[in-house]
Amino acid sequence: MIVLQVNQLNKSFGTDEILSGIKLEVQHRDRVALVGRNGAGKSTLLKIIAGQMSYDSGDIIIPKDVQLGYLEQHAGLNSTLSIWDEMMTIFSDLRSQEQNLRALEAKMADPSVYENNDTYQRIMSDYDQLQHGFKDAGGYQYEADTRSVLHGMQFYPEDYIKPISSLSGGQRTRLALAKLLLSKPDLLILDEPTNHLDIETLTWLENYLKSYEGAILIVSHDRYFLDQLVTIVYEVSRTHVTRFVGNYSAYLDEKAKNYERNLKTYEREQSEKAKLEAFIQKNIARASTTKMAQSRRKMLERTEWMNSPDGDERSANFGFTIEKQSGNDVLSIDHLAIGYDEQTIISKNISMRVYREDRIALVGPNGVGKSTLLKTIVKDLPIREGDIRYGTNVQISYYDQEQAKLTGNKPVLKELWDEWPLMNEKDIRTILGRFLFSGDDVAKPVHSLSGGEKARLALAKLMMQKGNLLVLDEPTNHLDLDSKEVLENALIDYPGTLLFVSHDRYFINRIATKVIELSSDGAFEYLGDYDYFLEKKQELEELAQMKAAANNSVEATSVKNITTQIDKEEKKRERQIRRLVEQIEKDMADLDKQIKQIEEDLCNPDIFQDHVMVMQLQSNLENLKSNYEHSELEWLELNEELEDIGS
Numbered sequence: 001m002i003v004l005q006v007n008q009l010n011k012s013f014g015t016d017e018i019l020s021g022i023k024l025e026v027q028h029r030d031r032v033a034l035v036g037r038n039g040a041g042k043s044t045l046l047k048i049i050a051g052q053m054s055y056d057s058g059d060i061i062i063p064k065d066v067q068l069g070y071l072e073q074h075a076g077l078n079s080t081l082s083i084w085d086e087m088m089t090i091f092s093d094l095r096s097q098e099q100n101l102r103a104l105e106a107k108m109a110d111p112s113v114y115e116n117n118d119t120y121q122r123i124m125s126d127y128d129q130l131q132h133g134f135k136d137a138g139g140y141q142y143e144a145d146t147r148s149v150l151h152g153m154q155f156y157p158e159d160y161i162k163p164i165s166s167l168s169g170g171q172r173t174r175l176a177l178a179k180l181l182l183s184k185p186d187l188l189i190l191d192e193p194t195n196h197l198d199i200e201t202l203t204w205l206e207n208y209l210k211s212y213e214g215a216i217l218i219v220s221h222d223r224y225f226l227d228q229l230v231t232i233v234y235e236v237s238r239t240h241v242t243r244f245v246g247n248y249s250a251y252l253d254e255k256a257k258n259y260e261r262n263l264k265t266y267e268r269e270q271s272e273k274a275k276l277e278a279f280i281q282k283n284i285a286r287a288s289t290t291k292m293a294q295s296r297r298k299m300l301e302r303t304e305w306m307n308s309p310d311g312d313e314r315s316a317n318f319g320f321t322i323e324k325q326s327g328n329d330v331l332s333i334d335h336l337a338i339g340y341d342e343q344t345i346i347s348k349n350i351s352m353r354v355y356r357e358d359r360i361a362l363v364g365p366n367g368v369g370k371s372t373l374l375k376t377i378v379k380d381l382p383i384r385e386g387d388i389r390y391g392t393n394v395q396i397s398y399y400d401q402e403q404a405k406l407t408g409n410k411p412v413l414k415e416l417w418d419e420w421p422l423m424n425e426k427d428i429r430t431i432l433g434r435f436l437f438s439g440d441d442v443a444k445p446v447h448s449l450s451g452g453e454k455a456r457l458a459l460a461k462l463m464m465q466k467g468n469l470l471v472l473d474e475p476t477n478h479l480d481l482d483s484k485e486v487l488e489n490a491l492i493d494y495p496g497t498l499l500f501v502s503h504d505r506y507f508i509n510r511i512a513t514k515v516i517e518l519s520s521d522g523a524f525e526y527l528g529d530y531d532y533f534l535e536k537k538q539e540l541e542e543l544a545q546m547k548a549a550a551n552n553s554v555e556a557t558s559v560k561n562i563t564t565q566i567d568k569e570e571k572k573r574e575r576q577i578r579r580l581v582e583q584i585e586k587d588m589a590d591l592d593k594q595i596k597q598i599e600e601d602l603c604n605p606d607i608f609q610d611h612v613m614v615m616q617l618q619s620n621l622e623n624l625k626s627n628y629e630h631s632e633l634e635w636l637e638l639n640e641e642l643e644d645i646g647s
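In structure tokens, the structure reads:
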């Protein structure tokens with residue numbers, strides 16, 4: 001089923017054409033990504049589809065029964081309610097149905113109801129219909145779903161009563177995403193949903209979206225996330241879109257093949273065009289060949305020559321060098337404690353060694369102190385406890401993710417020139433041009449720059465510092481996919497030492513040779529990239545579980561014996577559970593028969609006249625239903641345990 005169709009859509013801002021002839025289709029359960037450079041029109045297209053922006057011409061077709069949900073980039077939830085109460089506003093219909101069920105149950109408990117058979121039958125019928133509808137709509141599940149999503153977004157039971165107005169901007173963004181996920185629209189439109197998410201939350205979101213029942217249309221610069229999730233990619237480039245089937249890596253491969261093919265076609269056409277132009281120029285003035293030349297000129301004018309596959313899009317072009325080499329020992333950190341003041345220690349007992357040409361990724365959940373550690377290393381924050389020793393000739397260049405050191409009112413040109421006043425203007429402009437600042441761009445005040453432009457300016461300053469230790473805090477934030485690739489290549493060729501914080505797993509995989517996981521109680525080093533870190537961490541967790549099992553088993557002498565013993569215990573427990581499940585199913589069948597019999601008896605006119613008998617039967621019925629529900633709950637729990645054993 002098609003949930004969205006865009007046909008020949010056009011959008012311009014004044015004389016600037018943003019989108020032209022856009023064709024796009026999303027079907028039920030599709031996972032579609034929009035990719036392209038910053039400013040290509042991705043967010044504009046999403047806003048148009050979501051109905052938040054007008055368009056000049058074309059058609060957007062969304063079936064009437066399709067519910068659309070849209071999360072705007074940098075959107076945050078604003079509300080006077082608590083976290084839990086705000087989430088419950090999504091389920092107002094279910095909560096209303098729940099109140100109606102409780103009201104009917106109160107009526108059913110009133111003895112006077114049984115004096116009138118018609119009233120009793122009507123109440124029972126209403127209750128049965130409402131209960132089935134409530135169950136089918138997820139009435140018995142919505143609170144559990146809410147807890148699950150809030151937990152995935154790092155909101156825990158103790159947070160539920162917090163007013164939303166007290167949350168940070170990043171927390172409000174995560175909460176807006178949680179609310180949208182819980183509303184379960186048929187078409188989920190997400191613009192950069194991975195902003196403000198740490199790796200743990202990103203992984204949870206990936207898994208949640210993989211099993212999402214509806215369709216997803218997403219803009220993201222997180223390549224690892226796109227590889228894990230999407231199956232269709234639309235590239236927005238030069239006002240048009242091009243469709244590719246597959247994930248992000250498949251898109252890159254296909255795009256590269258298309259580029260090579262188009263480049264050959266373009267070069268062949270340009271050769272033919274040059275020959276025609278040369279023939280015309282040579283023969284147009286000769287009386288004997290002028291007609292032939294005129295004929296070729298008409299052919300030249302009528303032919304639709306292919307545009308260059310490179311187009312007018314430019315890529316940043318830069319690299320990092322060092323002024324002088326450091327010693328082999330770059331940083332020695334022992335028993336370090338970090339925090340913004342003496343009373344608030346975020347993390348302690350941090351010990352690590354950094355050697356020349358190391359590429360170290362610092363990972364860990366939000367709030368554990370990764371950025372605080374970097375600021376302590378670059379001396380923006382004082383050491384709370386412990387010691388940091390710097391090696392010989394170490395020169396630190398620091399990239400701050402908040403870009404706090406960029407001067408707001410200065411023009412871009414002066415931002416660099418004031419720090420390197422001995423350089424001439426031409427050289428400064430050349431450097432800025434390599435970071436895509438040209439012409440009037442260099443006169444823009446820094447405060448007016450977009451996030452991506454500020455990031456490129458900060459990288460330009462970093463390049464000019466020529467430090468031999470680059471300390472980078474989220475360097476890929478705000479960069480489009482093309483700029484990320486340029487930065488990666490520059491860092492791969494960098495001859496110095498790298499210490500960086502990043503939530504971009506693709507970036508970590510390309511750059512890192514070590515991963516250090518930071519916790520509130522210290523740091524643990526893994527010798528490899530991000531994928532190795534995941535594998536090793538899982539392996540260590542499994543070994544810890546096996547070791548714990550070994551300590552609990554007196555007869556265990558080896559990991560193999562422990563594993564065998566665990567398997568035997570699991571199989572024994574599985575047999576016990578299956579016997580219990582069979583017994584509960586028999587009990588539930590008996591209870592079901594008894595419930596049906598009493599319900600039939602209550603409909604018997606002879607019994608219905610006997611008020612005492614009715615009250616007794618109703619009491620028995622409630623007890624049987626309660627026992628049935630208890631058995632059903634026990635049955636579900638046992639089956640979940642069976643699934644866990646099977647997995």
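Take the sequence shown: its letters are residues 1 to 647, numbered as in the UniProt record's numbering.
Each residue gets a CB set at the ideal place from its N, CA and C atoms; glycine is no exception.
Residues near Arg389 in its chain [Cβ-Cβ closer than 6 Å; skip 5 each side]: Ser332
Identify the continuous alpha helix (DSSP H) that holds Asn207 and give its terminal residues. 199-210
Based on Cα-Cα distance, which residue from Val501, Asp85, Arg268 lies nearest to Lys162? Asp85
Would you identify the three-state DSSP class for Ala556, choosing helix, strand or coil? The pLDDT assigned to Ala556 is 49, lower than 50, so where the model puts this residue is not dependable, and the model offers no usable value.
Can the beta-carbon of Arg243 be found closer than 9 Å to that of Leu580? no
Thinking just about the alpha-carbon of each residue, which of Ile61, Ile22, Ile18, Gly51 is nearest to the one in Gly41? Ile18
Who are the Cβ neighbours of Pro475 in its own chain at under 6 Å, not counting the five residues just before and after it? Tyr399
Whether or not the stretch 47-61 and the stretch 232-250 are in contact is what I'm after, with contact meaning three or more pairs of Cβ atoms, one per stretch, closer than 8 Å; do they touch? no
State the DSSP-derived secondary structure class of Gln67, mapped to helix, strand or coil. coil
Say whether the stretch 256-267 touches the stretch 226-237, bearing in mind that this needs 3 or more beta-carbon pairs closer than 8 Å, one atom from each stretch. Using a C-beta cut-off of 8 Å, the stretch 256-267 makes no contact with the stretch 226-237, since fewer than three inter-stretch Cβ pairs fall below that distance.
Measuring alpha carbon to alpha carbon, tell me which of Phe13, Arg223, Lys375 ends up nearest Ser54. Phe13
Contact under 9 Å by Cβ, Arg31 with Ile232: The beta carbons of Arg31 and Ile232 sit closer together than 9 Å.
Taking all protein chains shown into account, do 16 or more other C-beta atoms lie within 10 angstroms of the C-beta of Asn207, making it buried, or fewer, making it exposed? By the 10 Å Cβ count, Asn207 comes out exposed.
Please report the straight-line C-alpha distance between Lys282 and Glu304, rounded to a whole angstrom. 23 Å
Collapsed DSSP secondary structure at Leu540 in the structure displayed: Of the three classes helix, strand and coil, the one that applies to Leu540 here is helix, per DSSP.
Gln131 versus Trp204 - alpha carbon distance: 32 Å
Excluding sequence positions up to five away, which residues of its chain have a Cβ less than 8 Å from the Cβ of Glu419? Lys461, Met464
Please report the residue range of the alpha helix (DSSP H) in which Gln294 lies. 290-302
In the DSSP assignment, the beta strand (DSSP E) including Phe13 goes from what residue to what residue? 2-13
Can you name the residues that DSSP bridges to Val354? Leu331
The alpha helix (DSSP H) with Phe279 in it runs from where to where? 248-283
Inter-residue spacing [alpha-carbon to alpha-carbon] between residue 662 and Asn100: Outside the shown range of the chain (1 to 647) lies residue 662, about which nothing can therefore be said.
Using the three-state DSSP reduction, which class does Ser112 fall into: helix, strand or coil? helix
The stretch 493-507 touching the stretch 464-473, judged by at least three CB pairs closer than 8 Å: Result yes; three or more Cβ-Cβ pairs closer than 8 Å.
Considering just the uninterrupted stretch of the alpha helix (DSSP H) at Tyr127, what are its terminal residues? 117-136
Among Ala337, Asp587, Gly169, nearest to Thr196 - alpha-carbon criterion: First, the residue type needs correcting, since residue 196 is His and not Thr in the sequence shown. Relative to the Cα of His196, the nearest Cα in the group Ala337, Asp587, Gly169 belongs to Gly169.
Return the first residue and the last residue of the beta strand (DSSP E) that Ser519 is part of. For Ser519, the enclosing beta strand (DSSP E) begins and ends at 514-519.
Please state whether the Cβ-Cβ distance between Ser351 and Ala337 is less than 9 Å. At least 9 Å separates the beta-carbon of Ser351 from that of Ala337.
How about Leu481 and Arg456: do their beta carbons lie closer than 9 Å? Cβ distance not < 9 Å, so Leu481 and Arg456 don't count as in contact.
Output the distance between the C-alpha atoms of Tyr506 and Ser438, rounded to the nearest integer angstrom. 30 Å
Could you tell me whether the stretch 57-70 touches the stretch 2-9, where touching means 3 or more Cβ pairs closer than 8 Å? In short, these stretches touch, since the Cβ pair count reaches three.
For Leu187 versus Leu68, is the C-beta spacing smaller than 9 Å? Yes, the pair counts as a contact, with Cβ atoms nearer than the cut-off.
Helix, strand or coil: which one does DSSP assign to Arg223? helix
Just tell me which of Pro495, Glu517, Ile584 has its CA closest to the CA of Phe320. Pro495
If you draw a straight line from the C-alpha of Leu469 to the C-alpha of Ala458, how long is it? 16 Å
With a cut-off of 8 Å, do at least 3 Cβ pairs link the stretch 135-153 to the stretch 175-195? Segments in contact, yes.
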